[in-house]
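Numbering (the UniProt record's numbering), first residue to last: 1 to 257.
Positions of the beta carbon are idealized from the N, C-alpha and C atoms, including for glycine.
Quick caveat, the model's predicted, so the values are computed rather than measured.
Report on one structure; see the data block that follows.
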């Protein structure tokens with residue numbers, strides 16, 4: 001892989017805006033307790049993170065939220081993708097299901113979070129359910145749209161060669177839908193994390209949502225921002241993972257199906 005001068009330059013310059021912003025923020029609030037109270041302080045956030053890593057509370061909260069978001073992300077996306085692609089087989093079934101999918105997908109899933117916690121308890125399972133429901137409808141609609149977007153000319157051509165519906169799905173529809181599916185997965189990273197966070201924020205004894213709730217009650221903005229920073233880290237990890245599976249998934253669909 002050839003690394004161009006422009007690529008190197010981008011790699012060097014990418015951290016610059018963040019570094020400048022953090023330094024400006026630190027300089028702006030340093031020595032002013034009123035500003036620190038309202039906006040936090042980068043150095044204080046770093047101290048909080050380091051202290052809570054040493055006492056083990058931050059790794060515990062991070063791990064719980066990461067597990068909830070990841071499980072919800074995987075379950076919601078897999079179930080939504082399978083259902084969306086399956087609906088390609090029957091346009092009638094999709095037309096029947098469409099208003100229900102749109103209604104449930106448009107409804108604020110987070111409004112159902114208290115109900116899910118009542119039904120499934122305050123443990124990890126309820127948070128995974130909220131994260132799953134936050135992602136499943138986007139994955140379903142994107143998968144079906146990708147399958148339905150396949151050119152009719154390609155399908156008619158395969159029919160003339162005697163291809164069955166299963167063969168058309170495996171050789172044309174599934175590979176053509178990958179771009180739509182991966183787009184849904186990228187969008188759903190944030191929704192999965194938000195689902196896990198909302199569940200923890202409503203009722204939990206652990207997790208980053210609980211950490212941020214407690215810190216908000218104490219008006220400790222630096223600790224709140226420490227929790228938010230950990231949520232961003234989870235988002236970066238999941239986004240990186242989605243990017244890593246994209247090419248192997250494409251190769252699997254093209255070669256194995």
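Per-residue burial, residue 1 [other beta carbons within 10 Å of its own, 16 or more giving buried]: At residue 1, the pLDDT of 48 sits below 50, so the modelled position is not reliable; the number obtained from the coordinates is stated separately. That one is exposed.
Residue 287 - containing alpha helix (DSSP H), residue span: Past the boundaries of the shown model lies residue 287; the chain is included only from 1 to 257, so the question cannot be answered.
Residue from 99, 134, 65 and 37 whose Cα sits closest to the Cα of residue 228: 65
Backbone CA spacing between residue 27 and residue 108 [nearest angstrom]: 40 Å
Unbroken alpha helix (DSSP H) run spanning residue 150, endpoints: Where residue 150 is concerned, there is no enclosing alpha helix (DSSP H), given that its DSSP letter is neither H nor E.
Secondary structure of residue 243, DSSP reduced to three states: helix
Inter-residue spacing [alpha-carbon to alpha-carbon] between residue 132 and residue 68: 9 Å
Element boundaries [alpha helix (DSSP H), containing residue 37]: 33-39
Outcome for residue 119 when other beta-carbon atoms lying within 10 angstroms are tallied against a minimum of 16: exposed
Residue 250: CB within 7 Å of a non-hydrogen atom of the ligand SAM: With respect to the ligand SAM, the structure offers nothing, as it holds no ligand at all.
CB of residue 134 within 8 Å of CB of residue 194, strictly: yes
Span of the alpha helix (DSSP H) around residue 192: 174-202
Buried or exposed (CB count within 10 angstroms, at least 16 for buried), residue 91: exposed
Short Cβ contact (8 Å threshold) for residue 198 with residue 130: yes
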